[in-house]
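Undergrad: The structure is given below, and queries will be raised subsequently.
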Amino acid sequence: EAQVTQNPRYLITVTGKKLTVTCSQNMNHEYMSWYRQDPGLGLRQIYYSMNVEVTDKGDVPEGYKVSRKEKRNFPLILESPSPNQTSLYFCASSLDALAGTTYGYTFGSGTRLTVV
Amino acid sequence: GQSLEQPSEVTAVEGAIVQINCTYQTSGFYGLSWYQQHDGGAPTFLSYNALDGLEETGRFSSFLSRSDSYGYLLLQELQMKDSASYFCAVSSSGGSYIPTFGRGTSLIVHP
């Protein structure tokens, strides 16, 4: 089944403890992206990747890192999480950015992160 | 940059028709798309408009007017399961075609 898999689904952590949220897709997609969703603010892009080893900042990149060493994986790294990073996170992918615009992005099921 | 405006909430009754509006500001407009998201779930793609006019997909239709920088999503024969959040997203050539999402409209369908 074609899908985007995020792990974990839920995570409670403490301030300053490094964490990684994994994202994997099995559709050979070139484009992958991370979003955070907060009440009343919609989906805001954190980072995106056009292809392996090609990443760029989105609208809210502060406090996050990403890497794209393999086509299928696009992990989101919080080196020193803070409470303002408590949010619902989504990974998304598409064949490429243009195809995603036209035919839609495939989103993962989300990771609900709480930083205390 | 890009910006979008959509109502925060819309309510309607089962069986009715509802329209969710979206106005946008961008340069190098490429297209307007719509996503549905049930509470806390993954957003799912509904439709895409690049040219003026109406695109119909079953009970859902999406309209675009490029000259007015305006679009809407039309939901007909509303069902309870249509209660969800709906996001419009605008893409532009200047933004590498990566969409910017609106803040979402919560649709509440009453029996």
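Protein sequences appear in the order of chains D and W.
Heads up: the first sequence is residues 1 to 116, going by the working numbering.
Heads up: the second sequence is residues 1 to 111, going by the working numbering.
Ideal Cβ positions, reconstructed from N, Cα and C, are used throughout, including at glycine.
Shortest alpha-carbon distance to residue 95 of chain D belongs to which of D:42, D:72 and D:77?
TA: By one-based count along the first sequence, residue 95 of chain D stands at place 95. Considering only alpha carbons, the answer is D:72.
Undergrad: Under 8 Å between beta-carbons, which chain D residues line up against residue 40 of chain W? List them in chain order, please.
TA: For the purposes of this step, residue 40 of chain W is taken as the residue at position 40 of the second sequence. Here the neighbours are 88, 110 and 112.
Undergrad: How about residue 89 of chain D and residue 35 of chain D: are their beta carbons less than 8 Å apart?
TA: The residue you call residue 89 of chain D lines up with position 89 of the first sequence. The residue you call residue 35 of chain D lines up with position 35 of the first sequence. Closer than 8 Å, so yes.
Undergrad: Return the Cβ separation of residue 94 of chain W and residue 15 of chain W in integer angstroms, given the expectation that the two are a contact with Cβ distance under 8 Å.
TA: Taking the second sequence and counting its residues from 1, the one referred to as residue 94 of chain W is at position 94. Taking the second sequence and counting its residues from 1, the one referred to as residue 15 of chain W is at position 15. Actually they are not in contact, since the Cβ atoms of residue 94 of chain W and residue 15 of chain W sit about 42 Å apart, beyond 8 Å.
Undergrad: Please report the residue range of the alpha helix (DSSP H) in which residue 15 of chain D lies.
TA: Translated into positions along the first sequence, residue 15 of chain D becomes position 15. From DSSP, residue 15 of chain D is part of no alpha helix (DSSP H); its letter is neither H nor E.
Undergrad: Would you kindly check if the distance between the Cβ of residue 44 of chain D and the Cβ of residue 112 of chain D is under 8 Å?
TA: What you label residue 112 of chain D is simply residue 112 of the first sequence in a count that begins at 1. What you label residue 44 of chain D is simply residue 44 of the first sequence in a count that begins at 1. Not a contact, by the Cβ cut-off of 8 Å.
Undergrad: Whose CA, out of W:99, W:108, W:20 and W:10, lies closest to the CA of residue 81 of chain W?
TA: To locate residue 81 of chain W, count along the second sequence from 1; it is residue 81. Minimum Cα distance to residue 81 of chain W is reached at W:108.
Undergrad: Could you tell me which of W:98, W:53 and W:21 sits nearest to residue 59 of chain D, measuring between CA atoms?
TA: Walking along the first sequence from the start, residue 59 of chain D turns up at place 59. Of W:98, W:53 and W:21, the residue nearest in Cα terms is W:98.
Undergrad: Would residue 111 of chain W count as contacting chain D if we go by Cβ distances under 8 Å?
TA: Within the second sequence, residue 111 of chain W is the residue found at index 111, counting from 1. It does not; no Cβ of chain D falls within 8 Å.
Undergrad: Does the separation of the CB atoms of residue 83 of chain D and residue 23 of chain D fall below 8 Å?
TA: Counting from 1 along the first sequence, the entry for residue 83 of chain D is found at position 83. Counting from 1 along the first sequence, the entry for residue 23 of chain D is found at position 23. It is not a contact, given that the beta carbons lie outside the stated cut-off.
Undergrad: For residue 69 of chain W and residue 103 of chain W, what's the separation of their Cα atoms in angstroms?
TA: The residue labelled residue 69 of chain W in the question sits at position 69 within the second sequence. The residue labelled residue 103 of chain W in the question sits at position 103 within the second sequence. The straight-line gap from Cα to Cα measures roughly 17 Å.
Undergrad: Cβ atoms of residue 43 of chain W and residue 35 of chain W: under 8 Å apart, would you say?
TA: Along the second sequence, read from residue 1 onward, the residue named residue 35 of chain W stands at position 35. Along the second sequence, read from residue 1 onward, the residue named residue 43 of chain W stands at position 43. Remark: C-beta atoms of residue 35 of chain W and residue 43 of chain W approach each other more closely than 8 Å.
Undergrad: Hey, out of D:4, D:11, D:25 and D:69, whose CA is closest to residue 116 of chain D's CA?
TA: Position 116 of the first sequence, counted from the start, is the residue given in the question as residue 116 of chain D. For the residues D:4, D:11, D:25 and D:69, the minimum Cα distance to residue 116 of chain D belongs to D:11.
Undergrad: Grouping DSSP H, G and I as helix and E and B as strand, with all else coil, what is residue 26 of chain W?
TA: By one-based count along the second sequence, residue 26 of chain W stands at place 26. If DSSP states are grouped into helix, strand and coil, residue 26 of chain W belongs with coil.
Undergrad: Does the distance from the C-beta atom of residue 101 of chain D to that of residue 91 of chain W stay below 8 Å?
TA: For the purposes of this step, residue 101 of chain D is taken as residue 101 along the first sequence, with counting starting at 1. For the purposes of this step, residue 91 of chain W is taken as residue 91 along the second sequence, with counting starting at 1. Against a cut-off of 8 Å, the Cβ pair of residue 91 of chain W and residue 101 of chain D comes out as a contact.
Undergrad: Whole angstroms is fine: what's the gap from residue 21 of chain W's alpha carbon to residue 17 of chain D's?
TA: Within the second sequence, the letter at position 21 stands for residue 21 of chain W. Within the first sequence, the letter at position 17 stands for residue 17 of chain D. The alpha-carbon atoms of residue 21 of chain W and residue 17 of chain D are separated by roughly 42 Å.
Undergrad: Applying the 10 Å Cβ sphere with the 16-neighbour rule, what's the burial state of residue 46 of chain W?
TA: Within the second sequence, numbered from 1, the residue matching residue 46 of chain W stands at position 46. Residue 46 of chain W comes out buried.
Undergrad: In the region 2 to 36 of chain D, which residues sit with their C-beta less than 7 Å from some C-beta in chain W, listed in chain order?
TA: none
Undergrad: Should residue 103 of chain W be flagged as near chain D, meaning a C-beta pair shorter than 8 Å?
TA: Locating residue 103 of chain W in the second sequence gives position 103, where the first residue counts as 1. Taking Cβ atoms only, chain D reaches closer than 8 Å to residue 103 of chain W, which makes this a yes.
Undergrad: At a CB distance below 9 Å, what residues from the region 35 to 56 of chain D approach chain B? Give them in sequence order.
TA: The structure shown contains no chain B; its protein chains are D and W.
Undergrad: Which residue's Cα is closest to the Cα of residue 87 of chain D: D:21, D:4 and D:5?
TA: Your numbering for residue 87 of chain D matches position 87 in the first sequence. It is D:21 whose Cα lies nearest to the Cα of residue 87 of chain D.
Undergrad: Please state the DSSP three-state secondary structure of residue 11 of chain W.
TA: Stepping through the second sequence from its first residue, residue 11 of chain W is reached at position 11. Strand.
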